[in-house]
Amino acid sequence: MVIFKMRIILAVALATSCCCFLPGGNGENVRFSPECPERQDVGSARDETIGYCENIESPNLPPNWLGATSTVLGYLNVPGADALGYVFNLIFQFGPSFDWNQYACDLGQCVEAMIEVAITDANLNSAKAARQLIANEQGNLLKAFLDDLDDGPDLDSDSVVIKEIEGYIRDIEDGLGDIHALFLAEVNRPELFTDYVLDAVIQADTISKFAVVAAYKCKGVPQDIIDGVQKQYRNSLDQNIVDVISGGSTSLKNVLDNSEFSKWGTRPSDYIRQERPIVCDDDGPSGSAQDCGGGPFECSIYDDYRMELEVSRIHSNTGCCGTYDPSYPPDQGDQCYEAICEDGSECVEDDCEWGGGECCLVEAEFGQCDGFEADALYYASTAYEDMMKDIDEAGEFIQKMRIDIDAVATYPLEDFPGLCDYLDQQKGEK
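Counting from 30, one number per residue, gives the positions in the sequence shown under the numbering used here.
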């Protein structure tokens with residue numbers, strides 16, 4: 030099981046100071062979801078490990094979900110026609126026996142780890158229900174391909190199996206619509222549902238429609254039926270690119286571009302702040318040596334978008350040892366500088382002339398505060414850019430599958446080696 034930790038704690042113990050990435054935020058609206066149930070070993074041909082939260086243990090990189098969409102693109106988003114037959118394996122993989130409840134829970138926790146906000150139980154349950162509906166109908170599609178299309182050449186548009194397949198596709202479209210509606214209803218944090226929508230439009234809607242055309246071709250269904258679904262699905266995929274992916278007012282890209290998530294990702298400095306509640310010149314008379322030695326020092330980095338999460342902190346009980354120059358502009362650096370002694374493991378001077386050889390915080394450690402702030406800025410921009418990249422790749426894949434639908438519908442079956450292997454193999458095993 031992938032264990033999703035809601036916080037990553039990294040403590041670096043120095044002799045007199047500590048630099049750490051801290052657990053917890055102090056926003057009042059944050060709600061942490063319960064742990065997901067452990068994945069079960071089903072002992073089947075299905076890969077129950079699909080769904081991985083990348084970077085979950087990295088303090089500086091945002092979690093990134095690798096799930097159903099990534100799996101589909103990995104198999105089908107390749108040049109040439111040889112891999113197209115794998116669509117039936119994918120329909121089987123994500124069918125009724127796939128644990129969509131577990132998957133949806135894990136995905137929700139991965140997104141929560143990224144932005145410190147959880148999907149409500151009601152919305153998560155709605156997403157699970159929509160995903161299970163889609164899975165059931167994909168299972169029905171595969172059963173129809175295997176059991177009910179053997180009389181393919183004798184079928185017509187009014188045949189029962191053709192009508193049933195049309196109904197399964199409509200239900201899958203409805204499932205996509207239900208999940209898209211959850212995304213649109215989440216006006217404050219729509220990014221919570223981005224990956225759910227991508228899965229529904231790619232793994233559910235797009236590959237199911239391609240699978241229908243491919244199955245019809247493999248089973249010798251009359252060309253006029255194939256031509257009809259080709260035109261219907263081409264128009265449907267074009268509409269999904271506009272309405273779901275990008276271009277339309279309800280598309281993932283448009284909604285996210287006009288959300289606070291976009292502002293966080295494109296102008297992170299509006300949300301990331303550094304605070305230094307205790308600085309090295311707090312302890313002695315201005316300009317005295319005691320100003321720069323013996324006192325504590327502390328700085329913290331906060332991300333207000335992530336519910337005022339304290340991302341990292343440096344604290345030293347000793348303070349800084351060095352020269353204090355009150356005339357040095359604070360906005361250009363620390364007023365404590367030119368340290369005389371510091372931690373023995375990182376000593377820049379052989380002789381500790383002042384401080385009795387004790388560990389001291391020096392300019393290099395003050396600079397870590399700015400480094401942690403830069404990490405937090407990078408985290409925000411990367412989270413946004415990764416999500417936009419995922420959406421762009423989904424749009425490109427739909428365009429590719431649209432072309433593949435046209436090709437399979439139009440050209441002879443021998444142009445697509447391996448397309449029918451799964452169906453032939455399953456038929457031979459019965």
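Using N, Cα and C, we set each Cβ at its ideal position, and we do this for glycine too.
Put residue i into one of helix, strand or coil per three-state DSSP.
i: D332; result: strand
i: R431; result: helix
i: I343; result: strand
i: I148; result: coil
i: R305; result: strand
i: Y451; result: helix
i: L113; result: coil
i: C82; result: strand
i: L178; result: coil
i: L90; result: coil
i: K456; result: helix
i: E402; result: helix
i: E337; result: coil
i: C47; result: With a pLDDT of 47 at C47, under the threshold of 50, the predicted position of this residue should be treated as unreliable, though the coordinate-derived value follows. The answer is strand: DSSP assigns C47 an E or B state.
Do you know whose CA, among the options, lies nearest residue i's CA?
i: Q131; options: L153, V146, M143 and D253; result: L153
i: Y81; options: L119, D286, P182 and D224; result: D224
i: N165; options: Q303, V189, C139 and S237; result: S237
i: N409; options: A438, R302 and L442; result: Going by the sequence as given, residue 409 is Ala instead of Asn. The shortest C-alpha separation from A409 is found at R302.
i: D299; options: V273, D333 and R305; result: D333
i: F174; options: K246, E443 and G257; result: K246
i: A243; options: V273, E443, A438 and K456; result: A438
i: V146; options: D179, A436, M336 and L102; result: M336
i: F239; options: A436, V140 and S291; result: A436
i: L227; options: P441, V241 and V273; result: V273
i: G447; options: P91, G276 and D111; result: D111
i: N84; options: C139, D135, A97 and G103; result: C139
i: G400; options: D421, C328 and W129; result: C328
i: S278; options: Q232, L213 and D421; result: L213
i: G125; options: V190, R199, Y440 and A233; result: This sequence places Pro at residue 125; Gly is not what is there. Of the candidates V190, R199, Y440 and A233, the one whose C-alpha sits nearest the C-alpha of P125 is A233.
i: Q455; options: D176, G168, L162 and I194; result: D176
i: I208; options: G196, G181, I330 and A159; result: A159
i: A137; options: G96, S291 and G168; result: Correcting the residue type first, residue 137 is Gly in the shown sequence and not Ala. Among G96, S291 and G168, the Cα nearest to that of G137 belongs to G96.
i: A142; options: P91, V107 and T98; result: P91
i: E402; options: D415, F445, E414 and I330; result: I330
i: Y197; options: V101, Q161 and N169; result: N169
i: P441; options: Y262, E304, E215 and I255; result: I255
i: E289; options: Q261, E215 and G206; result: E215
i: Q167; options: A423, L105, T235 and I148; result: T235
i: K418; options: C398, E443, G294 and E304; result: G294
i: I144; options: D444, F445 and M416; result: M416
i: G257; options: P297, K192, D135 and T149; result: K192
i: Q397; options: E443, H344, D444 and F445; result: H344
Identify the continuous beta strand (DSSP E) that holds residue i and give its terminal residues.
i: L184; result: Counting along the chain, L184 falls outside any beta strand (DSSP E), and DSSP gives it neither H nor E.
i: L95; result: N93 to L95
Residue i lies in the alpha helix (DSSP H); which residues open and close that run?
i: C247; result: I236 to C247
i: E195; result: V189 to A214
i: E289; result: E289 to T295
i: V226; result: T223 to D228
i: I270; result: Here I270 belongs to no alpha helix (DSSP H), and DSSP marks it neither H nor E.
i: L442; result: Unbroken run through L442: none, as it is neither H nor E.
i: D286; result: L281 to D286
So residue i packs on residue j, CB below 8 Å; how close in whole Å?
i: I434; j: Q259; result: 6 Å
i: A156; j: L211; result: 6 Å
i: D404; j: N93; result: So it is not a contact: roughly 16 Å between Cβ atoms.
i: V241; j: I194; result: 6 Å
i: I432; j: S275; result: Not quite, the Cβ-Cβ distance comes to about 18 Å (not below 8 Å), so this is no contact.
i: S280; j: Y413; result: No, S280 and Y413 are not in contact; Cβ-Cβ is about 16 Å, not under 8 Å.
i: I79; j: T100; result: 6 Å
i: L102; j: E422; result: 7 Å
i: G204; j: L162; result: 5 Å
i: C65; j: D128; result: Actually they do not touch by this definition, with Cβ atoms about 10 Å apart.
Any beta-carbon of chain C closer than 8 Å to the one on residue i?
i: F426; result: Annotation note: the requested chain C is absent from the structure, which comprises a single protein chain.
*Is it true that the stretch 433–452 meets the stretch 113–121, where meeting means three or more beta-carbon pairs spaced less than 8 Å apart?*
yes
*Inspect the CB distances between the stretch 256–271 and the stretch 421–441 and report whether three or more fall short of 8 Å.*
Contact annotation: the stretch 256–271 touches the stretch 421–441, with at least three C-beta pairs closer than 8 Å.
*For the stretch 283–292 and the stretch 211–219, state whether three or more C-beta atom pairs, one from each stretch, are separated by less than 8 Å.*
Yes, they touch.
*asked:* Does the stretch 400–420 come into contact with the stretch 336–344, if we say contact requires no fewer than three beta-carbon pairs (one atom in each stretch) closer than 8 Å?
replied: yes
*Is there contact here, the stretch 181–194 with the stretch 247–261, by at least three beta-carbon pairs under 8 Å?*
yes
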